[in-house]
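Engineer: I'd like to ask some things about the structure below.
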Amino acid sequence: MDQIITFDKSLQQRLQEFRDIFSGYELLPASGVSNVWTFYLELTVDPNGWQAVWKIPRLTCEHLNIPFPSVVLVLVLDVNYSEHLATVRILAVQDDISIPEKHFVQLTQLWPTKEQDKTIALNLHTTSGSLRYVTFLLHTHDENSDWKNKHLESRLRLYFDLKNGIIPRATAEHVHSLLTEARRLQSRKVFIEAELNEDDDADFDNGNTNNKKVEALMEIHLRLLEIKREIEIMENPLLRNVVIKKQAELISARSNKKQQIWLIFDEGNVDDHITFLREVKNSYPSQPIIFFPSLASKLESSNSKDIFILNESQHVIRTTGALEKGGVLKGIGLRKNIILTSRIDDVMLDFTGETVLIENVTIDARHAQCAILVRSGVGVLKNCKIIGNGASSTHQGIIVLAGATVEIVDCEITGFCTSIVGNSGSTISLKNTEIHNVNFGIKIYEKCHLDVNKLSIHDSREYGIVVETENNSNVDNRKVGNFEILQIVPEVKTESISGINNTKGDVIINSKCKIKPVEDLFSDPDFDPTMIESSDEDIMYFMAVFMLYA
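Using the numbering used here, read the sequence shown as starting at 12 and increasing by one per residue.
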C-alpha cells in the first residue's frame with residue numbers, strides 16, 4: 012500500500028541499528044530481549060494520536076468472522092510498551108465488514124501512514140522504524156541463552172538472504188512455512204493453556220494424559236521442537252549452504268531423467284489391480300509404468316512433470332513435491348472414491364511450474380487455509396471436486412497470482428469462504444463448472460481476466476461474483492445486480508452463466524477509494540485521541556489475550 016511508511020535498508024544498516032540498540036549488553040538472553048525492546052519502544056514510539064493501517068492476521072479474521080486478507084485504518088489511543096500492544100479505534104474499513112470499534116493489537120501489525128493529522132506533533136518515521144525492528148527479533152522457539160551473539164546477526168543474514176533471492180525459492184518457501192506454522196502453533200498453545208487453567212478436569216500434577224487438550228498441547232510442544240531444529244540449521248550459514256547444495260544436486264539429477272508414469276495403488280485384490288490396469292492401458296497403452304503404494308512418498312522423491320495415476324482410495328500428501336514445477340495427477344475410477352487430502356494447514360497444493368493438470372480427483376482441503384495456490388504457469392483442473400470446511404471465514408479455494416493462469420473444466424467447488432480469488436494480472440477460465448454453498452463464489456481484482464462458459468453459482472451466503480476496482484474519488488461506488496452487469500467490466504467475458512439463492516446478489520462491482528488518513532482528528536469528537544471511553548472493555552480484553560500471540 013502506497014499510504015504507509017516503508018524502509019528499504021541494507022543488511023549492514025539493519026545490523027548496525029540493532030547493535031546500537033543492544034550495545035549496553037555483552038550477554039543478552041532471549042528473556043532479556045523483550046525488556047530491552049520495551050525500553051527502546053518507550054523512547055521511540057509515540058504513545059497515542061497516530062494513524063496506521065492494521066493488517067488483520069488470519070487468525071483474528073477467523074475470530075471476527077471476516078474474510079482474509081482484511082485491512083483497516085486505525086487510530087492509536089494508547090501503547091502498552093511492556094506487552095508490545097496498542098489500543099486502537101477503527102477509523103475506516105476497506106471492505107464490507109463489520110467489526111468492533113476498539114481492539115488491542117500487536118504493534119508489529121501496525122503500519123503508520125504517511126499522512127497524519129498535522130495538528131498533532133508526531134515523530135512517525137522513528138515510530139515506524141521501531142515497529143519494523145521487532146519483526147526480526149524473537150521467534151517462539153528461542154531458548155533462554157546468549158540470544159544476542161547466537162541469533163542476532165545470523166537471523167538478519169537469513170532474512171536478507173530470503174529477501175534478496177540468494178536462497179533458492181523452494182528452500183525459502185519452506186523456511187517461511189516453518190515460521191508461519193510456529194506462530195500458528197504458538198497461538199494454539201496459548202489458547203489451550205488458557206482453557207486448561209479453567210478446566211477443573213485437567214490436572215497436570217496427576218499426569219492426566221488422557222485429556223485431549225493435554226495431548227494436543229504435547230503435540231504442539233513436539234512440533235515446535237522440530238521446527239526449532241530446522242530453523243537453527245537454516246540460521247547457520249555453513250549448514251544452510253550444505254542444505255542448499257544438496258538440494259541443487261538433487262534437482263540437477265532429477266532434471267536429467269525422462270518423464271515417468273507412476274501408478275499409485277495402495278492395496279487391493281487381483282481383480283482390483285486388473286481393472287485398474289485396463290483403465291490405465293486405455294490412456295497409456297505402450298509407455299513404461301511403475302507401481303508405487305504411497306503418493307506422499309513419491310511426490311517427495313520423483314521429478315517434475317512426472318505423471319501420477321491414482322486408484323480409488325484416499326491419498327494423503329505432505330507436500331506438493333514434484334507437482335510444484337509441473338506434471339499430471341489423474342484418478343482412475345469414480346471421482347468420489349479418489350480422494351486427495353492433507354494435514355497441511357497452510358497451502359495444500361502450491362504450483363509454480365509450467366503446467367500442472369489435476370483430473371478426476373476429489374480434493375478434500377478442509378484442513379488447509381487454501382486448497383490451491385497458482386503462483387506462476389498454468390494450473391488445469393478437469394472433472395475435480397474441491398471441498399472446504401464450510402465454516403471458516405478465511406478459507407480460500409483457489410488463489411491465482413499475477414501472471415498465472417488457471418483453467419477449470421467440469422468441476423465442482425464448495426465449502427469455502429471464497430472459492431476462487433484472481434489477483435490483478437491473473438487469468439481465470441471456467442467451463443461447465445458449479446460453485447455452491449460458499450460465502451463468495453469468485454472474487455477478482457482489477458485487470459484480472461475472467462472467461463466464463465457455462466458456469467453455475469448458487470447458494471452463496473454473500474455474493475456470487477465480486478469485482479474489486481479502485482477509483483481516485485473520495486466516495487465508494489457499488490453496483491449490485493445480476494450477471495448481466497459484468498458486461499461493463501472489460502476484462503470479463505461470460506457466456507451462459509446462471510445462479511440462484513445468492514443471498515446478497517449475483518454480482519457486486521466495488522469501485523473503492525483508497526483508505527485515507529483523517530486530516531483533522533479534533534474536528535470529530537469520536538476521533539479525538541485525548542478521549543478514551545470505557546466501552547467494549549470485555550471485547551478489548553479478550554482481543555488482547557487473542558492478539559498477544561496471534
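Think of the CB as a built atom: it goes at the ideal place given N, C-alpha and C, for glycine as much as any other residue.
1) In or out: A259 buried (at least 16 other Cβ within 10 Å) or exposed?
2) To the nearest angstrom, how far is the alpha carbon of I177 from that of L169?
3) Let me check one thing: in DSSP terms, what residues is E506 bridge-paired to?
4) For the putative contact between N448 and T425, defined by C-beta atoms under 8 Å, what is the C-beta separation to the nearest angstrom?
5) Between D157 and L38, how many whole angstroms is the CB-CB distance? I'm expecting something under 8 Å.
6) Quick test of the definition: if touching needs 3 or more C-beta pairs under 8 Å, does the stretch 326–334 touch the stretch 288–302?
7) Taking D31 as part of the alpha helix (DSSP H), name the residues at either end of that continuous run.
8) Output the boundary residues of the alpha helix (DSSP H) element that contains E323.
9) If we count Cβ pairs, one from each stretch, closer than 8 Å, do we get three or more for the stretch 192–201 versus the stretch 267–279?
10) Please state the DSSP three-state secondary structure of G452.
11) Return the residue from the list L306, I519, L52 that minimises the CA-CA distance to N488.
12) Quick check: C395 and I410, are their CB atoms within less than 8 Å of each other?
13) So, at 7 Å on beta carbons, what are the nonlocal neighbours of E53 in its own chain, with the 5 sequence-adjacent residues on each side left out?
14) So K442 packs on K465, CB below 8 Å; how close in whole Å?
15) Determine the DSSP secondary structure at F287, reduced to helix, strand or coil.
16) Rank D89, I343, L249, S313 by C-alpha distance to the C-alpha of R289 and give the top, closest one.
17) Using a Cβ-Cβ cut-off of 8 Å (strictly less than) and excluding sequence neighbours within five positions of I255, which residues of its own chain qualify?
18) Roughly how many angstroms lie between the CA atoms of S353 and S294, to the nearest whole one?
19) Excluding the 5 residues flanking V503 on each side, which residues of the same chain have their C-beta closer than 6 Å to its C-beta?
20) Ignore the nearest five residues each way along the sequence and tell me which others in R234's own chain have a CB closer than 8 Å to its CB.
21) For S81 and I108, which I take to be in contact (beta-carbon distance under 8 Å), what is that distance rounded to the nearest angstrom?
22) Tell me the DSSP bridge mates of E370?
23) Per DSSP, S188 forms a beta bridge with which residues?
24) Rank S312, K316, A307, N371 by C-alpha distance to the C-alpha of M359 and give the top, closest one.
25) Buried or exposed: G414, going by 16 or more other Cβ atoms within 10 Å of its Cβ?
26) Can at least three beta-carbon pairs, one atom from the stretch 60–76 and one from the stretch 20–29, be found at a separation below 8 Å?
27) If D89 and T98 are in contact, beta carbons under 8 Å, what's the gap, nearest whole angstrom?
28) Just to confirm my understanding: we take N76, look at its own chain, exclude 5 residues before and 5 after, and list those with CB closer than 8 Å. What are they?
29) Straight-line CA distance for E184 to K159?
30) Return the chain-ordered list of same chain residues with a C-beta closer than 6 Å to the C-beta of N348, the five sequence neighbours on each side being excluded.
31) With distances taken between CB atoms, is the gap from I455 to V478 smaller than 8 Å?
32) Would DSSP call S109 helix, strand or coil?
33) If we define contact as Cβ-Cβ less than 8 Å, is Q23 a contact residue for chain D?
34) For S471, name the three-state secondary structure that DSSP assigns.
35) Do C428 and N450 count as a contact pair if the criterion is CB distance below 8 Å?
36) With a CB to CB cut of under 8 Å and the five nearest residues on each side skipped, what residues in its chain are close to I244?
Structural biologist: Well, looking at it:
1) Exposed.
2) 9 Å
3) N464
4) 5 Å
5) 5 Å
6) no
7) Run containing D31: 22–32, per the alpha helix (DSSP H) assignment.
8) That residue, E323, is in no alpha helix (DSSP H); it is neither H nor E in DSSP.
9) no
10) strand
11) I519
12) no
13) So the list reads Y92, once near-sequence residues are dropped.
14) 6 Å
15) helix
16) I343
17) I178, P179, T182
18) Answer to the nearest angstrom: the Cα atoms are 27 Å apart.
19) L461, L497
20) E192, L196, listed in sequence order.
21) 6 Å
22) Its beta-bridge partners are K341, K393.
23) Answer by DSSP bridge pairing: none, since S188 is not bridged.
24) A307
25) exposed
26) Remark: fewer than three beta-carbon pairs, one from each stretch, lie closer than 8 Å, so the stretch 60–76 and the stretch 20–29 are not flagged as touching.
27) The C-beta distance from D89 to T98 rounds to 4 Å, short enough to meet the 8 Å contact threshold.
28) S404
29) 26 Å
30) E323
31) In contact: I455 and V478 (Cβ atoms closer than 8 Å).
32) S109: coil per DSSP, three-state reduction.
33) The question asks about chain D, but that chain is absent: this structure has only one protein chain.
34) In this structure, S471 counts as coil in the three-state DSSP scheme.
35) Going by C-beta atoms, N450 is nearer than 8 Å to C428.
36) Its chain contains L250, R251, V254 as the residues whose beta carbon lies nearer than 8 Å to that of I244, once the 5 sequence neighbours on both sides are disregarded; these appear in chain order.
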